[in-house]
Every structure is written in C-alpha cells, then in structure tokens.
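Please read the structure below before turning to the comments.
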Amino acid sequence: MSSKEEAVNLEKALRITLKTGKVIIGSKRSLKAIKKGQLRMIIKANNCPKRISSDIDKYCNEFEPKIDVYDFKGSSWDLGFLCGKPYMISVLGIVSAGDSEITKLIRG
Numbered sequence: 153m154s155s156k157e158e159a160v161n162l163e164k165a166l167r168i169t170l171k172t173g174k175v176i177i178g179s180k181r182s183l184k185a186i187k188k189g190q191l192r193m194i195i196k197a198n199n200c201p202k203r204i205s206s207d208i209d210k211y212c213n214e215f216e217p218k219i220d221v222y223d224f225k226g227s228s229w230d231l232g233f234l235c236g237k238p239y240m241i242s243v244l245g246i247v248s249a250g251d252s253e254i255t256k257l258i259r260g
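Listed below in structure tokens is the structure:
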C-alpha cells in the first residue's frame with residue numbers, strides 16, 4: 153500500500169471513529185486517560201513536543217495489554233484538520249473506535 157493510499161484510509165477510519173466512537177483530544181487529557189487505562193490507542197502528530205511524546209510512549213508501554221501508539225506523519229495542524237477542528241491537535245486518544253477499523257489499519 154502506498155503512503156498516499158495509507159493516508160486516505162487513515163483519514164476515512166479517523167472520520168468514522170470521530171462520528172461513531174469516543175476520542176479524547178489533547179495531551180493532558182490523554183495522559184490522564186492512559187494512567188486510568190481508558191485508552192485503546194494514541195495518535196501523535198509528528199511535531200508533538202518531545203517531552204509529551206516520551207511520556208506517552210513510557211506510559212503506553214507500561215500497561216498490559218499495551219496501548220498502541222501511532223506516529224501520524226502530518227503536523228498537529230493536519231491532525232486538527234482531519235478531526236474537523238480549527239486548531240492544532242498534537243495528541244488524540246481513542247477510547248472506542250466505534251464502527252471504524254482504525255486499530256486494524258494502524259497495526260497493519
């Protein structure tokens with residue numbers, strides 16, 4: 153699968169997740185949800201601050217089963233745009249994927 157096809161599939165899956173699932177927007181709220189064991193997956197923008205990114209990686213690897221972390225190839229502006237928001241989103245936590253198969257798509 154080419155990177156363009158992958159981006160289109162991710163965009164579709166993310167839009168379905170936003171409509172039918174439950175997501176948490178923002179690094180602080182996502183970190184709290186990780187610590188409570190509420191998340192199934194995290195999506196990080198490529199310009200997510202290194203401190204936040206390393207904290208997320210650390211906490212996600214501590215849980216069993218491990219929380220999947222996807223490094224989004226676009227910026228936080230791009231992730232915000234995909235989510236239909238007029239602001240930057242550096243971290244998006246997925247509590248429930250809804251009707252989307254985003255977790256299968258990202259795991260490969």
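So the number in our numbering is just where the residue sits in the sequence shown, counting from 1, plus 152.
Cβ coordinates follow ideal geometry from the N, Cα and C atoms, glycine included.
L244 is a Cβ neighbour of I177, given a cutoff of 8 Å. Going by beta carbons, A165 and S252 fall inside the 8 Å limit. Excluding the 5 residues flanking it on each side, V247 has same chain C-beta neighbours closer than 8 Å at G173, K174, V175, I176, A185, Q190, L191, R192, in chain order. Partner residues in the beta bridge of I176, as assigned by DSSP, are G245. Straight across, the Cα-Cα distance linking L231 with N213 is about 23 Å. DSSP places K196 in the uninterrupted beta strand (DSSP E) bounded by 193-196.
In its chain, beyond the 5 residues on either side, L234 have a beta carbon closer than 7 Å to the beta carbon of E163. Only residues of its own chain outside the window of five on either side were considered, and among them I195, K196, A197, N198, L231 have a CB closer than 7 Å to the CB of F224, listed in chain order.
Here V221 is bridged, per DSSP, to I194. Nearest to V221 by C-alpha distance, out of K171, L170, I258, is I258.
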